[in-house]
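Student: In our numbering, the protein residues as written are 43 to 319.
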Amino acid sequence: EQAIGLAFDEVNRLSLLLSRHDERSPLSQLNQTGQLEHVPAELRTVLNYSLQVWRASGGAFDVTIKPVLDYYEQRFSQKQEPVSTMLEKILDRTGSEHLQSTGNTLKLAKPGMAVTLDGVAKGYIVDRASEILAHFGVNNHLVNAGGDIRAMGTPSEKSPWKIAIQDPEKTQAYPEIVEMGDGAIATSGNYEIFYDQERLFHHIINPKTGRSPQKTVSVSIKAPTAMQADALATGVFVLGAEDGVGMVDKSPQTACYVIDDSGNTTKSQNWKNRVLK
C-alpha cells in the first residue's frame, strides 16, 4: 500500500511538471516565454527521447505540433473546421529542429512556437510509477494509464499478463490479445479523441501537412518502456503501415500492430512471435 501510494504521488508530481495545461509547469513557462532556464531533469529526459523519435521517424513525431493542435481546438470550439491557408501559416511555427538546447537552457527559436508532450509524457510517467513499485519490492505489477501500459513479472505463477487490443469500431471481439512479461505496450487510435464525427480531424496530426492521417486507425507498439511505446505509436500512426513497420523493424526490441481504415492489419517482424490468438 505504501508503494502504491508513492507511485500515485509520483504520477501527480510528474503530471504537473510535464503538463501543457497548467500555467505553473516548466513546459507552460517554455511555451509562454519561448525560453526555459534550469530545465528539470525529467523534462529534459522526455524531450531528448522525443527528439530521438523525431529523427528516427523523419519528422513524423514532432512535439512542436502544439500550435496546430491549439488551432484545431479553437476552430472546433467555434463549430468550424480548420482552414487550409491558416494551417500552412501555422506550420511555419513548428519543427523540432528549432528546439534549441544550450547548457541547462531550452529555447524555442521561432516566435509562436510551442511544445506538447501529449504523445510521450504519459508513457514516461507510467514508467516512473512502475520503477517506484519495483523499488519497494512489488515485482509483479501492471500500470495502466489510459492504454499506456507497463508490466513487470506475472499476475500469477501459471499465467503471463494478457493485454487485449481494442477494436477501433468497438463492435467486435478484440483483434489481438498480447501475452506480456516485463515490458510495455501503448496504442494510438483515431477513435478516442476526435473533433468531428467523420474523424477527419483528431488528436494525431501529421507535422508535414497539419492534418490528421486518414489511412491508419490504430497502432499498437510493444517496447521495453512505456515512453518508447507511447511516442513510437504516434510516429507509426503518422507514417502509415509500410513506413511505420519499416522503422519499428530496425529495432529488435520493438514490435507493432497496425489496423488501417479498411480493417486490414500489418504486423512487424517481432510482433507475430509475441501474440496469442
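Here a beta-carbon is modelled for each residue, glycine too, at the ideal position from N, C-alpha and C.
Keep in mind it's a predicted model, so treat the numbers as computed, not measured.
Kindly indicate which three-state DSSP category K108 falls into: helix, strand or coil?
Tutor: helix
Student: According to the neighbour-count rule (16 or more other Cβ atoms, all chains shown, within 10 Å of its Cβ), is D104 buried or exposed?
Tutor: buried
Student: Using a Cβ-Cβ cut-off of 8 Å (strictly less than) and excluding sequence neighbours within five positions of H140, which residues of its own chain qualify?
Tutor: T106, L150, A151, K152, M155
Student: Taking the straight line between their C-alpha atoms, what separation do you get for S67 and L85?
Tutor: Taken atom to atom, the span from the alpha-carbon of S67 to that of L85 is near 10 Å.
Student: Under DSSP, the alpha helix (DSSP H) around W96 begins and ends at which residues?
Tutor: Boundaries of the alpha helix (DSSP H) harbouring W96: 83-98, taken from the DSSP string.
Student: In chain order, what residues of the same chain lie with their CB nearer than 6 Å to the CB of V290, ignoring the 5 residues before and after it?
Tutor: T296, C298, S310
Student: For R253, report the span of its alpha helix (DSSP H) as first-last.
Tutor: Run containing R253: none; DSSP gives neither H nor E here.
Student: Can you give the Cα-Cα distance for H80 and R55, rounded to whole angstroms?
Tutor: R55 has its alpha-carbon roughly 17 Å from the corresponding atom of H80.
Student: Pick from F50, L60, T308, G282: whose alpha carbon is nearest that of V162?
Tutor: Ranking F50, L60, T308, G282 by Cα distance to V162 puts L60 first.
Student: Buried or exposed, going by whether 16 or more other CB atoms sit within 10 Å of the CB of A271?
Tutor: buried
Student: Would the stretch 262-278 count as touching the stretch 162-172 if we require 3 or more Cβ pairs under 8 Å?
Tutor: Between the stretch 262-278 and the stretch 162-172 there are three or more inter-stretch CB-CB distances shorter than 8 Å, so the stretches are counted as touching.
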